[in-house]
Structures are given as C-alpha cells and as structure tokens.
Amino acid sequence: MLAISLMRMGAKGKPFYRVVVKEKRSKRDGQYIENLGTYNPMTNPADVTLRHDRIQYWIGVGAQPTDTVKSLIKNNPAAAE
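Each residue of the sequence shown is one higher than the one before, counting from 1285 in our numbering.
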C-alpha cells in the first residue's frame, strides 16, 4: 500500500520535511518513489511547497495521505489558474 507522508531532513533541532510517496511499511526516512514537496515548520509562518497535480495523481492511483499531510493539503490549497 502506498502512502503520502513526511520524510524528516535537516540537522538536530532544525527539522524540515519532504512530502514523499512511499510504501507504507518502509522506514520513515527510507526509500521513496517521488518527492511531492517540502514543509519547513521552523519559519514563521511555516513554509509549505506542494505539487498539487502530482498529489492528486497519486491519490487517484490509491496512495493514502497521512493525517499530517492531509492537513497540509487542506490548509495550502492549489493556486487557481
């Protein structure tokens, strides 16, 4: 089963995260299929960059976003074109 989740990066005490598609059972920071964006909670306000077109593709294929990723998607909608 595929999951859209956060992958921790950065130094100790200064985390930032990649939003990635990976196998649900793989390690948190293990191998991933595709990078879908970034999330930096250390800035004020938090810096979120998402590729909404690819997120929608992976959800359509059956990937399940984690609760945290769901809230990031909900609170950072795609720009209207």
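Using N, Cα and C, we set each Cβ at its ideal position, and we do this for glycine too. Predicted model only: the values in this text are computed from it and were never measured.
Beta-carbon spacing of residue i, residue j below 8 angstroms
i     : j     : result
Y1341 : Y1323 : no
E1318 : R1338 : yes
M1293 : R1312 : no
K1353 : S1310 : A small correction: the amino acid at residue 1353 is Val; Lys does not occupy that position in the sequence shown. It is not a contact, given that the beta carbons lie outside the stated cut-off.
A1347 : V1304 : no
Host beta strand (DSSP E) of residue i (start-end)
i     : result
R1309 : Where R1309 is concerned, there is no enclosing beta strand (DSSP E), given that its DSSP letter is neither H nor E.
Status (buried if at least 16 other CB within 10 Å, exposed otherwise) for residue i
i     : result
G1321 : buried
A1295 : exposed
8 angstroms Cβ shell around residue i - same chain, five flanking residues per side excluded
i     : result
P1325 : P1299, F1300 and Y1301
Contacts around residue i, its chain only, beta-carbon distance under 7 angstroms, and the 5 residues preceding and following it disregarded
i     : result
T1333 : G1321 and T1322
A1362 : H1336
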